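This is the structure we're talking about:
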């Protein structure tokens with residue numbers, strides 16, 4: 122649900138000769154080696170590899186190994202991000218838990234917290250958790266999906282560096298603040314809704330700038346707070362919430378969702394929130410918070426019957442009459458699921474610029490570079 | 122968050138001489154009398170009055186007493202909706218509950234379920250609930266807000282008559298399927314996000330048709346599945362999800378949220394879902410489901426500190442720099458809160474057409490009509 126419009130688009134993209142193929146195992150191993158080299162514990166480094174490669178397999182390149190150097194390694198090497206944090210429980214009840222991430226990587230503590238939430242939900246039916254003083258944790262969907270094998274519905278969210286303006290505002294006040302929900306089915310792939318609460322991610326503005334294309338209306342405003350379709354002006358301005366400028370197309374709803382995420386993550390965890398969250402200009406580590414939830418399906422009905430009904434539900438949408446010119450109707454998480462299967466079979470594509478970056482990183486850290494499939 | 126763009130718009134609307142003023146007590150009492158007259162138990166009738174008048178006070182006229190006759194009374198009188206249902210628990214654990222509404226009014230069973238969820242969350246920290254075989258329950262925000270006095274975060278949702286198409290589709294497959302979240306603050310009004318997952322509600326198309334205005338782009342498609350700004354064509358076609366047509370403005374996100382709601386309400390409760398939900402053409406009572414959740418803030422941190430930080434969070438957004446020409450930045454639920462205070466003080470406005478309808482209903486049922494403030 123992030124950058125992908127359709128399977129056709131996703132697969133067409135991969136035939137542009139801009140991609141080199143690797144494998145899941147090689148990429149995960151590489152991420153682990155790199156992070157261990159800069160001081161991260163092996164078990165934590167493995168989890169980061171899991172999350173990043175899952176993103177690449179799901180077609181969410183922006184959240185995959187492309188970020189290894191800039192988001193994680195460089196910040197550890199410059200001493201801004203703690204490679205050996207003391208992840209610890211700050212508060213706990215039978216159905217809630219709050220972790221303090223001690224300015225460490227977000228992925229390991231995110232998985233720790235979601236697993237604690239799942240264990241609590243296994244015992245008591247439902248549970249919630251949060252993490253404060255953390256950093257970027259990759260794709261929110263990864264954590265929500267951890268609930269699936271337990272016949273639970275999973276939820277995950279995070280606040281993030283501020284790029285977006287509130288409705289009627291012009292200041293960057295909100296991150297892309299994604300929300301994710303994962304719900305199991307039987308034969309159909311699980312329903313996995315994982316979406317930024319801004320209309321588009323900031324990376325999309327950068328792509329349009331590079332391609333010298335105008336933005337669509339409703340994506341961004343300029344520094345003065347006026348709508349703009351100029352990528353340069355937008356990059357100096359702010360992203361708009363899902364629903365776009367003003368309220369005519371429901372921008373207040375996307376703004377409400379973005380603020381909801383900042384509250385559930387930042388205020389609830391006792392972490393940073395609002396203007397305490399970093400911007401592009403004032404980078405600040407350890408100011409990100411996450412939120413998780415899970416509940417057992419059998420608290421409502423027999424999970425087998427539920428999952429069989431999920432198949433019927435998802436198929437009904439996929440089989441419903443299509444708009445003119447459309448080949449296919451999707452449900453959330455379907456494209457990502459199919460890409461994962463395809464990439465596991467045929468190799469995981471890495472953009473050549475990212476590939477070059479990883480090669481440089483390997484040389485820099487004096488670790489072997491053997492990623493080709 | 123429903124029809125309201127700003128306080129100025131809301132208050133300007135009321136000075137058009139199209140409104141007659143009543144009071145909260147009189148309106149609630151009238152709803153109770155009407156429903157008792159058609160066979161509803163007094164305690165249940167009182168709850169419906171509470172929910173409907175709360176909507177009118179919050180400025181959500183479309184979900185207030187305007188619907189008393191068409192949505193509830195006429196369906197009871199024609200034998201389609203059960204005035205004396207056997208609301209009963211279909212499944213229950215320490216942190217979950219499912220009610221069967223026996224084709225009764227949605228409001229009393231909705232309140233029953235949310236109160237059970239809150240009681241379970243009080244004991245165990247977090248809880249979820251659902252209701253199946255129900256009917257329209259008014260504004261979702263009402264139920265989410267029941268969590269507020271308990272220092273909990275409340276969630277509520279419902280599926281609804283199908284008006285909306287999925288992304289790339291043209292068939293009505295989804296209701297306006299609202300989602301509501303309520304989070305308490307200290308001095309600031311609570312954050313109450315209550316929004317339809319379609320860009321606009323169907324009622325908005327009807328208003329535009331009546332005023333002979335063109336729709337905004339991204340609100341609706343025609344019967345063939347093409348975007349349209351013609352209210353007539355749109356009313357024969359389908360609403361679009363939040364984010365509009367296709368994926369360019371994030372329509373797949375609104376579609377994902379709408380489907381999420383149908384799953385959480387319909388599939389999870391064991392009720393009707395997908396194409397089992399009624400459309401305008403095939404009305405069907407007892408096919409609506411609701412979903413509720415609540416969790417204790419003190420499972421995360423001290424509620425007083427949380428609420429004090431909520432004040433800071435909400436104020437930061439309200440005080441942030443405004444876009445050109447804007448007088449004010451709002452947070453979710455703020456306009457509704459201020460309108461409630463104003464209407465409790467100055468009288469609850471009822472549109473004259475609604476007023477006339479209520480007067481006719483009173484005559485019809487031979488009950489006194491004394492609603493004027």
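Protein chains in written order, with this note's numbering: chain A, 122 to 494; chain B, 122 to 494. Every residue gets a Cβ at the ideal spot worked out from N, C-alpha and C, and that includes glycine. Here the structure is a predicted model, which is why all the values come from computation and not from measurement.
Reduced DSSP category for residue i - H, G, I as helix; E, B as strand; rest coil
i             : result
residue 204/B : coil
residue 412/B : strand
residue 492/B : coil
residue 283/B : strand
residue 356/B : helix
residue 276/B : strand
residue 255/A : strand
residue 464/B : helix
residue 198/B : helix
residue 320/B : coil
residue 472/B : strand
residue 221/A : strand
residue 396/A : helix
residue 315/A : strand
residue 342/B : strand
residue 185/A : coil
residue 362/A : strand
residue 250/A : strand
residue 348/B : strand
residue 289/A : coil
residue 451/A : coil
residue 368/B : coil
Beta-carbon proximity list for residue i, same chain, < 7 Å, skipping 5 on both sides
i             : result
residue 171/A : 149
residue 158/A : 486, 488
residue 201/A : 406
residue 155/A : 189, 194, 482, 486, 488
residue 461/A : 178, 179
residue 432/A : 306, 307, 308, 309
residue 268/A : 239, 274, 275, 303, 415
Limits of the unbroken beta strand (DSSP E) element including residue i
i             : result
residue 429/B : No beta strand (DSSP E) holds residue 429/B; the alpha helix (DSSP H) holding it covers 424-439.
residue 380/B : Segment 372-383 is the alpha helix (DSSP H) holding residue 380/B; no beta strand (DSSP E) there.
residue 303/B : 300-304
residue 212/A : 209-213
Alpha helix (DSSP H) segment containing residue i, residue limits
i             : result
residue 164/A : 163-178
residue 154/B : 145-158
residue 237/A : 227-245
residue 328/A : 323-331
residue 130/A : 128-135
residue 261/A : 261-266
Beta-carbon separation (whole angstroms), residue i vs residue j, contact threshold 8 Å
i             : j             : result
residue 318/B : residue 375/B : 5 Å
residue 152/B : residue 166/B : 7 Å
residue 143/B : residue 452/B : That pair is no contact at about 29 Å.
residue 285/A : residue 296/A : 7 Å
Sequence-distant residues of its chain with Cβ nearer than 8 Å to residue i (five each side left out)
i             : result
residue 454/A : 122, 262, 303, 310, 311, 312, 313, 314, 315
residue 419/A : 272
residue 129/A : 448
residue 292/A : 286, 359
residue 206/B : 222, 223, 224, 225, 226, 230
residue 465/B : 145, 178
Residues of its chain near residue i, where Cβ-Cβ distance is below 6 Å and the 5 sequence neighbours each way are ignored
i             : result
residue 321/B : 340
residue 192/A : 257
residue 232/B : 168
residue 174/A : 145, 148, 149
residue 127/A : none
residue 124/B : Annotation note: pLDDT 46 at residue 124/B (below 50); position unreliable, coordinate value reported separately. Excluding positions up to five away in sequence, the list is empty.
residue 290/B : none
residue 211/A : 219, 221
Do the stretch 330-342 of chain A and the stretch 435-443 of chain B touch if we need at least three Cβ pairs shorter than 8 Å? Segments in contact, no.
Assess contact between the stretch 279-294 of chain B and the stretch 372-392 of chain B, defined as three or more Cβ pairs (one per stretch) separated by less than 8 Å. Is contact present? Segments in contact, yes.
When you compare the stretch 245-261 of chain A with the stretch 219-227 of chain A, are there three or more beta-carbon pairs, one atom per stretch, that lie closer than 8 Å? By the Cβ criterion, the stretch 245-261 of chain A is in contact with the stretch 219-227 of chain A, since at least three pairs of Cβ atoms, one from each stretch, lie closer than 8 Å.
Between the stretch 419-428 of chain B and the stretch 209-217 of chain A, can you find at least three pairs of beta-carbon atoms closer than 8 Å? Segment contact: the stretch 209-217 of chain A against the stretch 419-428 of chain B, three or more CB-CB distances shorter than 8 Å; contact assigned.
Tell me whether the stretch 472-482 of chain B and the stretch 129-147 of chain B touch, counting them as touching only if at least three CB pairs, one residue from each stretch, are closer than 8 Å. Segment contact: the stretch 472-482 of chain B against the stretch 129-147 of chain B, three or more CB-CB distances shorter than 8 Å; contact assigned.
If you pair each beta-carbon of the stretch 402-416 of chain B with each one of the stretch 239-251 of chain B, do three or more pairs fall below 8 Å? Segments in contact, yes.
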